[in-house]
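Trainee: Handing you a structure now.
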Amino acid sequence: MGMGRALAVALVGLNGHVIEVEADIGQTLPAFVLLGLPDASLSEAKERIRSAAQNSGIPLSRRKITVNLVPASLPKKGSGFDLAIVMAALNAAGDVRRTGGTVFLAELGLDGRLRPVRGVLPAVLAAISAGCQEFVVAQANLAEAELVAGARVRGYDSLAQVAADFDADPEHLVFSPADLTGTAGGGAPRLAAADGPAGDTALADLSEVAGQGEARLALEIAAAGGHHLMMMGPPGSGKTMLAERLPGLLPELTDEEALEVTAIHSLDTTKSGITALVRRPPYERPHHSASTASIIGGGSGIPRPGAASRAHRGVLFLDEAPEFDKRVLDALRQPLESGELVLHRAAGTAAYPARFQLVLAANPCPCGKATGKGIACECTAMARRRYFGKLSGPLLDRVDIQLQVNRVQLSQLSDTGQRETSAQVAVRVQMARAIQAQRLRPFGLVHNADLSGRILRGPLRLGGKETHLLDRAMGAGTLSARGYDRVLRLAWTVADLQGRDTPGADDVGLALTLRQRGEGL
Amino acid sequence: MKAKDELGQSGERLAADYLEDHGMRVIDSNWRCPAGEIDLVALDGAALVIVEVKTRRSRRYGDPLEAVTAAKLQRLRTLAVLWAREHRHVMGVLRVDAVGIIMDGRSAPSIDHLKGVA
Chain A
1 MGMGRALAVA LVGLNGHVIE VEADIGQTLP AFVLLGLPDA SLSEAKERIR
51 SAAQNSGIPL SRRKITVNLV PASLPKKGSG FDLAIVMAAL NAAGDVRRTG
101 GTVFLAELGL DGRLRPVRGV LPAVLAAISA GCQEFVVAQA NLAEAELVAG
151 ARVRGYDSLA QVAADFDADP EHLVFSPADL TGTAGGGAPR LAAADGPAGD
201 TALADLSEVA GQGEARLALE IAAAGGHHLM MMGPPGSGKT MLAERLPGLL
251 PELTDEEALE VTAIHSLDTT KSGITALVRR PPYERPHHSA STASIIGGGS
301 GIPRPGAASR AHRGVLFLDE APEFDKRVLD ALRQPLESGE LVLHRAAGTA
351 AYPARFQLVL AANPCPCGKA TGKGIACECT AMARRRYFGK LSGPLLDRVD
401 IQLQVNRVQL SQLSDTGQRE TSAQVAVRVQ MARAIQAQRL RPFGLVHNAD
451 LSGRILRGPL RLGGKETHLL DRAMGAGTLS ARGYDRVLRL AWTVADLQGR
501 DTPGADDVGL ALTLRQRGEG L
Chain B
1001 MKAKDELGQS GERLAADYLE DHGMRVIDSN WRCPAGEIDL VALDGAALVI
1051 VEVKTRRSRR YGDPLEAVTA AKLQRLRTLA VLWAREHRHV MGVLRVDAVG
1101 IIMDGRSAPS IDHLKGVA
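Line by line, the protein sequences are chains A and B. Per this note's numbering, the very first residue in the first sequence carries number 1; after that it's consecutive. Per this note's numbering, the very first residue in the second sequence carries number 1001; after that it's consecutive.
Structure representation (structure tokens):
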């Protein structure tokens, strides 16, 4: 009798805080008091815990149990504290030994089985950096928790097994809650989630794209330099097909990036579970009816990540971009600027990384027929203006490549000659990335797309011979100062792909053609 | 007499014996008035102790002590005053205890005595 303790982790966004669960048993009538700002689902833990302990053969003390979650001022939510609370309560009653620095992360079923919880990866990451090393999770979360280097993780099926390992009297323990092998939190078919959201783009290969030489080149340059891309073209010209093939050109994520991405996906309520790090850059294509909260993150209480964060280190594709709500589009400016989404709510502030590569696609006009001479177009001039008015200047300013995509000709479609595969292009992209990483290291940057005008016109200034075309365009008033910088950024990537140290006049010329604005824009 | 009342009766007798064994003096039992009933009244030294006894055959429907609610405790304090007035007891220290008993008829009954619950 007396005090018991156990550790758990509370997640605020992706940031974890190690929570000390204190349990005290008082000599008064039976009751269960839970303190420390629990939300509704956490308050329900009281009932789950009593039943789970009873059905595991180690009933809770028949006295007043007071459980406090420290720090008490931090709001806590969800069912992931169940195991830590029951272990603290059992420890207070002397039924199990002290749990020391072990962190418990699992939900309890009424029959005493352990169920997996979301966000195990970020929770373990946070606990490790706070100095904890021992973890106890549900069997179904074991693979996910073990992704973190330095974590000593044990996975269990039931509370009785955990209690037995912490020296509970094995005589009374009930080890197998009815058909434990059955559906322990959907334990079996979890492999599909391993390749994560890249799964649907893994099969899309660039070799399937007929013709579209310029678009293929633009895609390669976008992949190499991390440039945002906008494609404009009539319906059926292959904009979606091209966008789907961008993730396949991007290099694998580094260990650090993979942990970031997997941590976000670990919070995702639609994924069943994580067994391996997400190694391929994710690909998100929200529909244009999407709400602001679903794109940038939101929800009641502590906001959850949205599509922009799920696309972190990958590609966010907005098909029919002008059809999106203007507020949604403008909300994307913050992550484009800072690579992060900070969501402020009354219940707290959550920051989610959102460093994605933006791909926009648009029809030339609302009816989509304004191609070529545009004779077939049924739209009024006003409708066309309004259509592109949604894409605000500040947003398009960040999009380096603005490309016109045309319908494929019949001759190109039937041309069955050998076309380059994604793998072949990815090799060149990889090389270009290595070159630019080395050049940009002194500036603390990784991608050419992140180059600011100050650097482009300062340390990386090109000679007058190279920029001749640009200077003339600017003099003629067809190129703005911002546009000038954009072309320079692209020119560096073009040079990197060619293996040249600095861009030549040809590279600048090619870059200039990649930012032609489509008709109507 | 109904079976459940019989169980309660034997539980209260058991509780009385238990309290006597533990140095308390039981001075009244099953005292009734329009406001309710007190199971046992005892003296522990100078303290007047009102005892609520709950008896069950098993824990299948929860622990007997879980059935002692805050409202019940409030009523017991009121009854204590009524009892003291009728018996011209000079009230010193007042205490309310709860005794939970499990009698499954096979093994020896378990007795759980909580002092000063209200």
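Note that CB positions come from ideal geometry on N, CA and C, so glycine has one too. On a predicted model such as this, the values are computed, not experimentally measured, just so you know.
When the distance is taken between beta carbons, is Ile1050 of chain B closer than 9 angstroms to Ile1038 of chain B?
Mentor: yes
Trainee: Between Ala1035 of chain B and Gly1092 of chain B, is the Cβ-Cβ spacing less than 9 angstroms?
Mentor: no
Trainee: Which of helix, strand or coil does DSSP assign to Ile1027 of chain B?
Mentor: strand
Trainee: If you measure from the beta carbon of Leu1065 of chain B to each beta carbon in chain A, is any gap under 9 angstroms?
Mentor: Leu1065 of chain B counts as touching chain A.
Trainee: Please identify, using Cβ separations under 8 angstroms, the residues of the stretch 15 to 32 of chain A that lie next to chain B, in order along the chain.
Mentor: Gln27, Thr28, Leu29 and Pro30
Trainee: Going along the chain, which residues of its own chain have a beta-carbon closer than 6 angstroms to the beta-carbon of Asp205 of chain A, five neighbours each way excluded?
Mentor: Excluding residues within five positions, the ones whose Cβ falls inside 6 angstroms are Thr421 and Ser422.
Trainee: I need the straight-line Cα distance from Ser291 of chain A to Asp325 of chain A, nearest angstrom please.
Mentor: 8 angstroms
Trainee: Mind checking which residues open and close the beta strand (DSSP E) that includes Ile1038 of chain B?
Mentor: Gly1036 to Asp1044
Trainee: Use the C-beta contact count for Gly1008 of chain B: other C-beta atoms within 10 angstroms, 16 or more gives buried, fewer gives exposed.
Mentor: Looking at its Cβ environment, which holds 16 or more other Cβ atoms inside 10 Å, Gly1008 of chain B is buried.
Trainee: How far does the alpha helix (DSSP H) with Val446 of chain A in it reach, from first residue to last?
Mentor: Where Val446 of chain A is concerned, there is no enclosing alpha helix (DSSP H), given that its DSSP letter is neither H nor E.
Trainee: In whole angstroms, what separates the C-alpha of Gln161 of chain A from that of Asp1021 of chain B?
Mentor: Going by the C-alpha atoms only, they are around 41 angstroms apart.
Trainee: For a test of the three-state rule: what should DSSP assign to Asn91 of chain A, helix, strand or coil?
Mentor: helix
Trainee: Give every residue of the same chain whose Cβ lies closer than 7 angstroms to the Cβ of Pro503 of chain A, excluding the five residues on either side of it in the sequence, and list them in chain order.
Mentor: Leu462, Glu466, Ala491, Trp492, Val494 and Ala495
Trainee: Would you mind giving the Cβ-Cβ distance between Val103 of chain A and Ala8 of chain A, rounded to the nearest angstrom? I have them listed as a contact below 8 angstroms.
Mentor: 6 angstroms
Trainee: Any idea what DSSP makes of Glu420 of chain A, helix, strand or coil?
Mentor: coil
Trainee: Could you give the DSSP three-state label for Met232 of chain A: helix, strand or coil?
Mentor: strand
Trainee: Using Cβ-Cβ distances below 9 angstroms, what residues of the stretch 62 to 78 of chain A are close to chain B?
Mentor: When C-beta distances to chain B are compared with 9 angstroms, the residues of the stretch 62 to 78 of chain A below that value are Arg62 and Arg63, in chain order.
Trainee: Any contact of the stretch 109 to 127 of chain A with the stretch 136 to 154 of chain A, i.e. 3+ C-beta pairs under 8 angstroms?
Mentor: yes
Trainee: By the criterion of Cβ-Cβ separation under 8 angstroms, what are the contact partners of Asp1068 of chain B in chain A?
Mentor: First, the residue type needs correcting, since residue 1068 of chain B is Val and not Asp in the sequence shown. Those within 8 angstroms of Val1068 of chain B in chain A are Leu29.
Trainee: In angstroms with no decimal places, state the Cα-to-Cα distance between Thr513 of chain A and Leu469 of chain A.
Mentor: 11 angstroms
Trainee: Taking only beta-carbon atoms, is Pro286 of chain A less than 9 angstroms away from chain B?
Mentor: no
Trainee: Taking the straight line between their C-alpha atoms, what separation do you get for Val153 of chain A and Cys132 of chain A?
Mentor: If you take the alpha carbons of Val153 of chain A and Cys132 of chain A, they lie about 11 angstroms apart.
Trainee: Could you tell me which residues DSSP pairs with Ser158 of chain A in its beta bridges?
Mentor: A:Arg113
Trainee: Is Pro59 of chain A close to chain B, meaning its C-beta is less than 9 angstroms from at least one C-beta of that chain?
Mentor: yes
Trainee: Please list the terminal residues of the continuous beta strand (DSSP E) segment that includes Met3 of chain A.
Mentor: Met3 to Val12
Trainee: Leaving out five residues before and five after Leu1073 of chain B in sequence, what residues of the same chain have Cβ atoms less than 7 angstroms from its Cβ?
Mentor: The residues are Val1096, Val1117 and Ala1118.
Trainee: Output needed for Lys369 of chain A: all residues of its chain with C-beta closer than 6 angstroms, excluding positions within five of it in sequence on either side, in chain order.
Mentor: Cβ neighbours of Lys369 of chain A within its own chain (closer than 6 angstroms, five residues either side excluded): Ala376 and Cys377.
Trainee: Does the beta-carbon of Tyr1061 of chain B have 16 or more other beta-carbons within 10 angstroms, so that it is buried, or is it exposed?
Mentor: exposed
Trainee: Residues of the stretch 1088 to 1100 of chain B with a CB closer than 9 angstroms to any CB of chain C: list them in chain order, please.
Mentor: Structure shown: chain C not included; protein chains present are A and B.
Trainee: Output the distance between the C-alpha atoms of Ala481 of chain A and Val359 of chain A, rounded to the nearest integer angstrom.
Mentor: Going from the Cα of Ala481 of chain A to the Cα of Val359 of chain A covers about 23 angstroms.
Trainee: Taking three-plus beta-carbon pairs below 8 angstroms as touching, is the stretch 213 to 227 of chain A in contact with the stretch 429 to 439 of chain A?
Mentor: yes
Trainee: Using 10 angstroms around the beta-carbon of Glu256 of chain A, count the other beta-carbons present and answer buried if the total reaches 16, otherwise exposed.
Mentor: exposed
Trainee: Please classify Glu47 of chain A as buried or exposed, where buried requires at least 16 other C-beta atoms within 10 Å of its C-beta.
Mentor: exposed
Trainee: What residue range does the beta strand (DSSP E) around Leu343 of chain A cover?
Mentor: Glu340 to Arg345
Trainee: Quick one, which residues of the stretch 1045 to 1058 of chain B are near chain A if we go by CB-CB under 9 angstroms, in chain order?
Mentor: Against chain A - using a Cβ distance shorter than 9 angstroms - the stretch 1045 to 1058 of chain B contributes no residues.
Trainee: Are Ala426 of chain A and Pro281 of chain A touching if we call contact CB-CB under 9 angstroms?
Mentor: No; because the gap between Cβ atoms is not below 9 angstroms, this pair is not in contact.
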